[in-house]
Each structure stands twice: as C-alpha cells, then as structure tokens.
DNA sequence: CATGGACAACTGCCATAGCAGTTGGCAGCT
DNA sequence: AGCTGCCAACTGCTATGGCAGTTGTCCATG
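Residue numbers (UniProt numbering), protein chains in the order written: chain V, 1 to 238; chain Z, 1 to 238.
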C-alpha cells in the first residue's frame with residue numbers, strides 16, 4: 001500500500017508516513033489490522049498493552065481507538081474494556097448500502113464541479129482499466145479502481161464525505177476478504193459501468209451520475225456476495 | 001428518552017448528564033456552542049485555555065476537538081492551531097444533500113426491520129404532530145419531529161448511521177438558525193410527508209419509504225433556503 | 001524608515017502517573 | 001462440596017508536565 005503514486009500527484013492524502021502524528025499512524029495500523037483479519041472480532045484491546053506493543057504512549061492509542069469506535073470497528077464498554085466489533089453479514093450489507101448512497105451523492109456533487117483536468121485524469125484511469133481488464137491484471141485494476149473513486153471523492157471537496165467514504169471503504173475491503181473462492185469475473189461489467197459514470201460526469205448530469213454510481217456499487221456488492229441479488233426496484237415517484 | 005425538557009438553556013443530553021465522560025461532555029458543549037453561534041467561524045480554540053474555561057484537563061478537550069474535526073466543524077493545522085470551520089452556504093447545501101441520502105437509507109432499513117411496537121409509537125407521534133400543526137405549537141412540532149427521525153434512526157440499529165446522522169443534524173440546526181425571518185408555513189406539508197413515510201413503513205416498502213424520506217428532507221431544505229428550488233429530477237433508469 | 005533576525009510566548013502533541021470502577025480468583029466459612 | 005466475601009490485578013479515564021514546532025514582537029542593523 002504505497003502512497004498514492006498517481007501520475008500527476010494531484011491527490012496526496014497520505015503525506016509522508018513518517019511525519020504523521022502517532023495517533024494517526026496507530027489509527028491506520030489498527031484499521032488495517034482489523035480489515036486484514038489480524039485482529040479477529042471479539043479480541044480484547046487494552047490501551048496500555050497495545051501502547052507497549054506499538055512502542056508509544058497510551059494517549060495516541062486511546063485517540064486511535066476513539067476514532068475506530070466512531071467508525072464502528074471497535075466498541076468500548078466504559079471502565080470495562082475495548083474489543084473489536086463483530087461485523088455481521090447483515091451489518092456489512094447495511095454499510096454497503098450506506099456506501100452506495102454516499103458514493104452516489106459524491107458523484108452528483110462531482111458532476112457539478114469537476115473541472116476538465118480532473119475529467120482528463122478520469123479518462124486516463126479508464127484507459128488503464130481497459131488495459132488491466134484485457135490483461136486480467138487484478139492488482140492494476142484494484143489500484144486504478146481505488147484512484148477512480150478517490151478522485152471523485154476529492155472532487156466533491158467535502159471533508160465529511162471524504163472521511164466517511166474512507167471509513168466505509170475499509171469495510172468494503174473486509175467484505176472482499178470474506179468473498180470465498182475466486183473473485184467473480186465482473187471486470188468487463190465494472191469497466192462499462194465506470195465508463196457510463198464518466199460519461200455522465202462529462203455531461204454534467206448529477207442525477208444520472210448519481211444513479212449510475214449507486215447502481216454500480218450495489219451491483220458490485222451483489223457479485224461479491226455482500227448483498228443478495230435482486231435489490232428492491234428503484235424509480236419511485238414521490 | 002423522556003428528559004427532553006426543551007427549555008431555553010441547554011439541550012438535555014440523552015443519558016444522565018453527570019455520568020458521562022468529560023470528553024463526551026466537552027464534545028457536546030462545543031458542538032452546541034458552535035451551532036448556536038456562540039463560537040463564530042474562524043474563532044481560534046486553544047486546548048489549554050479551553051480546558052481552563054471548562055475546568056477540566058486538556059486531554060478530554062483534545063478528544064472533543066478531534067471528534068469535532070471528524071465532523072468537519074473545526075479544522076486544526078498541526079502545530080499551528082485549531083479554529084472553528086467556516087460553513088459556507090455551499091457547504092451547508094452539500095451536507096443537506098448528504099443528510100437527505102442518509103436519512104433515505106435509514107428509512108429503507110427501518111422499513112425492513114421495524115416492529116409493530118415502533119410503528120405504533122410513530123403513529124402516536126403523528127397524532128401529536130397533527131395537534132401541534134393545528135395549534136401552531138412550534139416547540140411541540142420540533143420536539144415531535146426530532147423524536148420521529150430519532151426513532152427511525154434507532155430502528156436501523158446501525159451505529160455508523162446513527163452517529164453520522166446525529167452529526168449532520170447539528171448542521172441542520174445551524175441551517176435553521178440562518179433562515180432569516182419567520183419560518184415558512186410548511187407545517188401542513190411536512191405533516192403530510194411524515195404520514196406518507198409512515199404509510200410506506202407500514203407497507204414494508206423500503207424503496208418507497210426511502211424516496212419519500214429523501215424528498216421530504218430535500219423539500220424541507222428548500223423551504224429553509226439551504227437548497228435552491230427545483231432540485232434535479234429523480235428517477236433515472238440506469 | 002525599512003528590514004532582518006533572535007527571543008519569548010504561544011500552539012498541538014506526547015509521555016508519565018495516578019484515579020476510580022470492574023473483574024477474576026482464592027481463601028475462609030457454612 | 002458449595003457458597004460468600006474480599007483482595008489484587010486489571011480496565012478506561014483524567015491530570016500534570018514537558019517536548020518540538022510555529023508565530024508575533026521587539027531590537028539592532030543597513
């Protein structure tokens with residue numbers, strides 16, 4: 001997981017892993033450890049012992065645990081202890097639907113204010129996606145996909161949205177890890193959906209871009225087994 | 001949650017105000033102070049001086065500021081200072097649309113798992129709303145409205161959703177405070193929308209409930225001047 | 001008068017220490 | 001054996017102090 005090594009370096013949300021605050025580093029380490037499965041659900045986490053393991057004080061650790069609690073990845077009973085939260089399949093499905101909705105509004109906002117330069121970067125990412133799809137390069141596709149969505153998030157310029165989607169994306173990784181066996185071959189479909197999203201962005205059509213992005217996320221969750229097939233129909237007229 | 005006194009001074013926190021951690025209390029106090037306008041945008045906040053003002057240590061204050069930063073209400077430049085963030089009308093509109101989307105998902109989830117008891121409580125709240133509308137009791141309507149939405153949030157059982165909507169609701173209060181002059185007379189319309197939402201919940205129709213709730217929030221934002229009229233049409237087919 | 005540099009007064013950040021409440025287990029009694 | 005009560009070892013939480021980086025001010029210098 002190298003720092004965002006994009007061509008232009010436009011997005012650089014990971015500045016210098018060294019100069020980050022200890023609390024921030026502890027937060028990311030713990031978050032990664034949880035989504036990687038190194039810290040299974042129910043595992044007790046002590047501020048002190050964890051601080052000793054990380055070689056730092058208890059304060060940054062506490063700060064990281066508070067943020068993780070806000071993300072819903074750990075739960076702490078006051079004066080009793082902190083443990084990593086169980087993320088049931090039901091809960092994972094909920095979070096997926098939440099993420100779909102938030103990615104939708106993010107794309108709608110991006111459609112209203114994305115400039116041509118950012119759109120060009122998106123087009124370049126699309127080309128890399130096509131190459132990766134033809135070559136079946138899973139790693140390259142994952143990286144391009146991450147950049148694709150991150151670019152849209154940044155285009156909104158909304159910190160709340162960026163932060164929330166960052167937290168939810170961690171759960172997405174957790175969901176992919178649970179997807180048993182080989183990943184389904186949905187790469188061509190995902191490529192087509194990404195193209196449709198970019199087309200909507202270029203047309204400056206927020207509603208269309210939102211609908212396509214949301215549907216893209218939902219379908220992706222379905223093929224990953226996070227959501228059951230045949231989601232409820234959309235298009236209700238108020 | 002009975003202890004909502006709705007007096008002039010403090011908004012009563014949900015659990016007993018005494019047994020909360022100092023960090024939690026500091027967080028709520030600061031949040032309320034910001035949305036009430038006591039701490040204007042750009043105002044510098046020092047961990048130490050604020051700790052002295054609150055009569056506590058600097059750690060809980062720091063913890064509260066971190067949470068507020070995650071909510072987007074303050075921004076802190078490392079080693080330079082923390083100040084309350086400027087919430088421009090544009091940003092307020094973004095947050096409103098985000099809230100509309102999240103309230104929509106929450107209502108969809110609630111439609112799938114809300115039990116009859118909760119539905120009965122909703123019906124009771126509707127009756128209070130009708131009485132409040134006829135009597136033009138603004139305070140009673142506000143309280144009933146808060147309970148209405150809080151009940152739906154709780155029905156989802158999703159901590160992430162509950163927490164996020166709680167933060168966004170603070171911005172809603174801020175938006176209402178900016179609404180100049182007397183509040184527009186949208187009470188009958190809001191009542192009808194609430195009834196439509198409850199009807200969709202009773203029919204266990206997640207998509208319909210979501211659409212109605214989202215439209216309700218968006219229209220409310222429009223009448224409050226947070227969003228411009230004539231939002232982009234919905235109903236795009238992917 | 002204008003300009004540059006150093007010192008003092010901040011700031012956020014972290015480490016240490018100690019508090020109060022909770023838990024688990026062992027001794028002592030029935 | 002089975003139960004009760006207490007004590008030590010935890011836990012999260014808060015207070016205090018000090019660190020390094022930033023900023024603003026004041027004096028010396030061109």
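Note that beta-carbon positions come from the ideal geometry of N, C-alpha and C, so glycine has one too.
Original post:
Using the C-alpha atoms, what's the distance from residue 178 of chain V back to residue 50 of chain V?
Top reply: CA-CA distance, residue 50 of chain V to residue 178 of chain V, rounds to 26 Å.
**OP:** Out of V:199, V:171, V:218, V:217, point me to the one whose CA is closest to residue 88 of chain V's CA.
**Re:** Restricting attention to V:199, V:171, V:218, V:217, the CA atom closest to the CA of residue 88 of chain V is found in V:171.
Original post:
Would a C-beta distance cut-off of 8 Å place residue 118 of chain V and residue 155 of chain V closer than the cut-off?
Top reply: One thing to note: residue 118 of chain V has its Cβ within 8 Å of the Cβ of residue 155 of chain V.
Subject >> Positions along the stretch 191–207 of chain V whose CB lies within less than 7 Å of some CB in chain Z >> reply: Within the stretch 191–207 of chain V, the residues whose Cβ lies closer than 7 Å to some Cβ of chain Z are 206, 207, listed in chain order.
**OP:** Provide the residue span of the alpha helix (DSSP H) that contains residue 56 of chain V, from first to last.
**Re:** Following the DSSP letters along the chain, one finds residue 56 of chain V in no alpha helix (DSSP H), marked with neither H nor E.
Original post:
Of all the CB atoms in chain V, is at least one closer than 8 Å to the CB of residue 220 of chain Z?
Top reply: With 8 Å as the cut-off, residue 220 of chain Z does not count as an interface residue toward chain V.
Subject >> Buried or exposed (CB count within 10 angstroms, at least 16 for buried), residue 175 of chain Z >> reply: By the neighbour-count definition (other C-beta atoms within 10 Å, threshold 16), residue 175 of chain Z is a buried residue.
Subject >> Segment contact flag, the stretch 65–84 of chain Z with the stretch 26–39 of chain Z, C-beta cutoff 8 Å, min 3 pairs >> reply: Taking 8 Å as the limit for Cβ pairs, the verdict is that the stretch 26–39 of chain Z does touch the stretch 65–84 of chain Z.
Original post:
Leaving out the 5 sequence neighbours to the left and right, which residues in its chain are closer than 7 Å to residue 48 of chain Z when beta-carbon positions are compared?
Top reply: Listed in chain order, the non-local C-beta contacts of residue 48 of chain Z below 7 Å within the same chain comprise 58, local neighbours out to five positions each way being set aside.
Original post:
Between residue 108 of chain V and residue 212 of chain V, what straight-line distance do the alpha-carbon atoms span, to the nearest angstrom?
Top reply: CA-CA distance, residue 108 of chain V to residue 212 of chain V, rounds to 10 Å.
Subject >> N- and C-terminal bounds of the alpha helix (DSSP H) containing residue 227 of chain V >> reply: No alpha helix (DSSP H) contains residue 227 of chain V, which DSSP labels as neither H nor E.
Subject >> residue 141 of chain V to residue 124 of chain V span [Cα, whole Å] >> reply: So the alpha carbons of these two residues sit roughly 13 Å apart.
Original post:
If you draw a straight line from the alpha carbon of residue 221 of chain Z to that of residue 39 of chain Z, how long is it in whole angstroms?
Top reply: C-alpha separation (whole angstroms): 24 Å.
**OP:** Taking 8 Å as the threshold, find out whether the stretch 79–87 of chain Z comes into contact with the stretch 196–213 of chain Z through three or more Cβ pairs.
**Re:** The stretch 79–87 of chain Z vs the stretch 196–213 of chain Z: no contact.
Original post:
Hey, how far is the Cα of residue 37 of chain Z from the Cα of residue 85 of chain Z?
Top reply: Rounded to the nearest angstrom, the two C-alpha atoms are 12 Å apart.
**OP:** Name the residue from V:90, V:24, V:41 whose alpha carbon lies nearest to the alpha carbon of residue 64 of chain V.
**Re:** If we check each option's Cα against that of residue 64 of chain V, V:24 comes out closest.
Original post:
For residue 160 of chain V and chain Z, any beta-carbon pair shorter than 8 Å?
Top reply: Chain Z, which has a Cβ nearer than 8 Å to the Cβ of residue 160 of chain V, makes this yes.
Subject >> Three or more C-beta pairs below 8 Å linking the stretch 192–205 of chain V and the stretch 91–103 of chain V >> reply: Segments in contact, no.
Original post:
Would you call residue 52 of chain V buried or exposed, if buried means 16 or more other Cβ atoms sit within 10 Å of its Cβ?
Top reply: Counting Cβ neighbours within 10 Å, residue 52 of chain V comes out exposed, since fewer than 16 surround it.
**OP:** At 7 Å on the CB atoms, spell out the chain Z contacts of residue 95 of chain V, in chain order.
**Re:** The contacting residues are 160.
Subject >> DSSP three-state assignment for residue 77 of chain Z, whether helix, strand or coil >> reply: It is a strand residue.
Original post:
For a contact meaning CB atoms closer than 9 Å, what does residue 152 of chain V contact in chain Z?
Top reply: For residue 152 of chain V, no chain Z residue has a C-beta closer than 9 Å to its own C-beta; the minimum C-beta separation is roughly 14 Å.
Subject >> DSSP state of residue 83 of chain Z mapped onto helix, strand, coil >> reply: Correct three-state label for residue 83 of chain Z: strand.
Original post:
What in chain Z is Cβ-close to residue 31 of chain V, meaning under 8 Å?
Top reply: Among the residues of chain Z, none has a CB under 8 Å from the CB of residue 31 of chain V; the nearest is roughly 14 Å distant.
**OP:** Using a Cβ-Cβ cut-off of less than 7 Å, list which residues of the stretch 102–118 of chain V approach chain Z; keep chain order.
**Re:** Taking 7 Å as the cut-off between beta carbons, the residues of the stretch 102–118 of chain V near chain Z are 102, 104, 105, 109, in sequence order.
Original post:
By the criterion of Cβ-Cβ separation under 8 Å, what are the contact partners of residue 70 of chain V in chain Z?
Top reply: By Cβ distance, chain Z contributes 67, 70, 163.
Original post:
Looking at residue 67 of chain V and residue 70 of chain Z, is the spacing between their C-beta atoms short of 8 Å?
Top reply: In contact: residue 70 of chain Z and residue 67 of chain V (Cβ atoms closer than 8 Å).
**OP:** For the stretch 39–63 of chain V, enumerate the residues whose C-beta is nearer than 9 Å to any C-beta of chain Z, in chain order.
**Re:** Within the stretch 39–63 of chain V, the qualifying residues are 59, 62, 63.
**OP:** Please state if the CB of residue 106 of chain Z and the CB of residue 128 of chain Z are separated by a distance shorter than 8 Å.
**Re:** No, the Cβ-Cβ distance between residue 128 of chain Z and residue 106 of chain Z is not below 8 Å.
Original post:
Can a CB atom of chain Z be found closer than 8 Å to the CB of residue 98 of chain V?
Top reply: When Cβ-Cβ separations below 8 Å define contact, residue 98 of chain V makes contact with chain Z.
Subject >> Residue-level contact to chain V via CB, residue 230 of chain Z, 8 Å cutoff >> reply: With its beta carbon at least 8 Å from every one in chain V, residue 230 of chain Z lies outside the interface.
Original post:
Span of the alpha helix (DSSP H) holding residue 137 of chain V?
Top reply: Annotation for residue 137 of chain V: no alpha helix (DSSP H) segment contains it, and DSSP assigns it neither H nor E.
**OP:** Could you tell me if residue 134 of chain V is buried or exposed, where buried requires 16 or more neighbouring beta carbons within 10 angstroms of its beta carbon?
**Re:** Flag for residue 134 of chain V reads exposed.
Subject >> Whether residue 201 of chain V touches residue 122 of chain V by CB criterion (8 Å) >> reply: Contact: yes.
**OP:** Measure the alpha-carbon distance for residue 223 of chain Z versus residue 216 of chain Z and round it to whole angstroms.
**Re:** Rounded to whole angstroms, residue 223 of chain Z to residue 216 of chain Z spans 11 Å at the Cα level.
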